[in-house]
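Working notes, beginning with the structure itself.
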Amino acid sequence: MIDIPIPLNEEIIIYITDLKYGKHKNIFVEAAYENILFEFSVFSSNHYSSADNQFSFKILNEDKQLETLDFNLIAKFDITKSGYLKCLSAVQEFMNRKEGSVKNLYYLI
């Protein structure tokens, strides 16, 4: 069995550290859970979104370039048959990491 550094099938709080386009109509998402960095992909066939289509990881700045988020996400992951992480769901948590403020509100994108 593959050693996965994050809990599966339960909600965890993550933040995105990097976004970059892949070669197969995908976006590589690098994220952090506690002090653990991990990666997963989202694909154009699902609008670069979580499996439930509630959150799109295709976040563009004013220059149409991929941009990381300044808020945390509440996300749930599972493993695909081929052993890769799959983002089942993602919900924005209203916490601005730059300002350090927490509003304790959750918002479905």
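Quick note: the sequence shown uses full-length UniProt numbering, first residue 1, plus one each step. For every residue, glycine included, the Cβ atom is placed at its ideal position computed from N, Cα and C.
Using the three-state DSSP reduction, which class does residue 46 fall into: helix, strand or coil? helix
Just verifying my parser: in three-state terms, what is the DSSP assignment at residue 23? coil
Buried/exposed call for residue 57, threshold 16 Cβ in 10 Å: buried
Cβ of residue 42 within 7 Å of any heavy atom in the ligand ADP? The ligand ADP is absent from the structure shown, which contains no ligand whatsoever.
Tell me where the beta strand (DSSP E) around residue 58 begins and ends. Counting along the chain, residue 58 falls outside any beta strand (DSSP E), and DSSP gives it neither H nor E.
In angstroms with no decimal places, state the Cα-to-Cα distance between residue 17 and residue 33. 10 Å
Residue interval of the beta strand (DSSP E) (run including residue 76): 71 to 79
Cβ separation of residue 43 and residue 85, assumed to be a contact under 8 Å, to the nearest whole Å: Rounded, the Cβ-Cβ distance is 13 Å, inconsistent with contact.
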